[in-house]
Ligand code: CP3
């Protein structure tokens, strides 16, 4: 594209966070590192906030709490990425889909969507009206982090959001959304289209508010077989990427799907800059399959953080070697698990930040 051919002044690229330089394929001395779900329940400091503010909706919708919680891992571990504390479901109330996140149960959608009439009731998302606290929090995070790390925003992908609102919450077999997909595909497509338009706007809003890169979580896309992924997820991901690239050509987009091994090449077809690999695929093979244009993120099993310090060190060295120099963001293959010892997380970051290519 035209944008890509414009030479950037050296001074600005030097001041950029390591994570952005790595994604753009610049010469970096080590891989940047952050952890999915790094703000959350494995941290004592988060649990203390939870005691005072037991409602997840409150913790994730109050600017001061959002900023405080997002900064907790930053203050302790100094990751190269600081992700906004929020949830992929946060936009739903602004789309007229009431929900809650209930302790011990997870996401609950009060009136699951199952029919064409239900989908008609879904409003398109206007982020600046519905979630002004997200924009304010991102702006404050940028100030606080001062380009010493990249501030990350995130959104849920259309299929993954649809799976929550159709199933009514988390699901094991995804029968309700598959019943809809395989018996009334038009109804599901109408819903996916609303999410695609809304999440493109949400990414633009996050970027305009201060997010330097945005991760799209299509956590449950791999519940779909490849042909069904091509019908119910890929076109909407592509649409989001195309829309955002038109307005924000330099905003790196990261795509995550769990169980991504079977879909890697298709994930790259979306046009994202970074594909985040879970641990179902060997990093060296994943890199080969994706080719040199796409950066990779991941792919350490979160369970590794329950191992010995020596084991953790070995797994970090292994993945860094397999990913090769540059275009790699060191991360877990999925969110950090509740109960992970904080000292092992500290060790992970210490080893990661000591790496030199
Ligand atoms: O990474 C971070 O530190 C940012 C925070 C973040 C949360 N959710 C906070 C949260 C992020 C990036 C998410 C994304 C998210 N939310 C995803 C995609 C990532 C993935 O894991 O695949 C999904 C599928 C959701 C939906 C969701 N929200 C689930 C399945 C749960 C867990 C339910 C449970 O209790 O185990 C939530 C709740 C949630 N979101 C928690 C946190 C820290 C835990 C509840 C709490 O802290 O009270």
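Residue numbers (the UniProt record's numbering): 35 to 391. For each residue, glycine too, the CB sits at the ideal point set by N, CA and C.
For residue 53, the enclosing alpha helix (DSSP H) covers residues 52 to 57. Inclusion of residue 57 and residue 308 in the CB contact set at 7 Å is warranted, their separation being smaller than that value.
For the 7 Å CB-CB criterion, residue 256 and residue 297 form a contact. Our two residues, residue 274 and residue 262, have alpha carbons roughly 18 Å apart in a direct line. Taking the Cα positions, residue 239 is about 19 Å away from residue 179. Per the coordinates, the alpha-carbon of residue 365 lies some 17 Å from the alpha-carbon of residue 252.
When beta bridges are read from the DSSP output, residue 135 appears opposite 141. Apart from sequence neighbours up to five positions away, the residues of its chain that approach residue 170 with a beta-carbon distance below 8 Å are 97 and 243, ordered along the chain. Here the distance from the Cβ of residue 205 to the nearest heavy atom of ligand 1 is not below 6 Å.
At a threshold of 6 Å, residue 81 does not count as near ligand 1, since its beta carbon sits no closer than that to any of the ligand's heavy atoms.
In this structure, DSSP gives residue 374 a state outside helix and strand, which the three-state scheme calls coil. When only Cα atoms are considered, residue 300 and residue 194 end up about 16 Å apart.
For the pair residue 140 and residue 186, the CB atoms are not nearer than the 7 Å cut-off. Beyond the five residues adjoining it in sequence on each side, residue 294 comes within less than 7 Å, by CB distance, of 256, 301, 311, 312, 314 and 315 in the same chain, given in chain order. Sorting 191, 221, 271 and 323 by C-alpha distance to the C-alpha of residue 153 places 221 at the top. The shortest CA-to-CA distance from residue 119 to any of 336, 168, 64 and 161 is the one to 168. Inclusion of residue 368 and residue 292 in the CB contact set at 7 Å is warranted, their separation being smaller than that value.
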